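In what follows, a single structure is set out as structure tokens and then discussed.
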Amino acid sequence: MWLDERREQGVAGSLSTRVAVAMAKKAKSRNILVRLISTAGTGFTYVKQRPRTAAYRLSMMKFDPRVNKHVLFMEHKMK
């Protein structure tokens, strides 16, 4: 009866438009991207991957071309 009334009004649609389907959540990635920011204060960054479940924050010595030497890079969250 309800569907007949909608057809008379000229509204296109089917039963599937009224039914809400429960979708499964997407699985989270095992790795996350983190930004490594130079401690030299130049603003130069690298982007690296690390495991999501790691109990440590990533830090490494990398080359900073703005000061032309190797400096410590510390992990910060990606925005």
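If you read the sequence shown in my numbering, its first letter stands for residue 78, the second for the next number, and so on. Virtual Cβ for every residue (Gly too), placed ideally from N, Cα, C. All of these numbers come straight from a predicted model, not from anything done at the bench.
*Which residue comes first and which comes last in the beta strand (DSSP E) that contains leucine 113?*
Counting along the chain, the beta strand (DSSP E) containing leucine 113 begins and ends at 108-115.
_So for arginine 162, helix, strand or coil by DSSP?_
Nothing can be reported for residue 162, as the shown portion of the chain is limited to 78 through 156.
*Please determine, among Glu152, Tyr123, Ala99, the residue with the shortest C-alpha to C-alpha distance to alanine 131.*
For alanine 131, the nearest C-alpha among the options comes from Glu152.
_If the criterion is Cβ atoms closer than 8 Å, does the pair threonine 122 and arginine 112 meet it?_
A contact, by the Cβ cut-off of 8 Å.
_Tell me the residue span of the beta strand (DSSP E) that contains valine 148._
Residues 146-154.
*asked:* Helix, strand or coil, according to DSSP, for phenylalanine 121 in the structure here?
replied: Three-state result, phenylalanine 121: coil.
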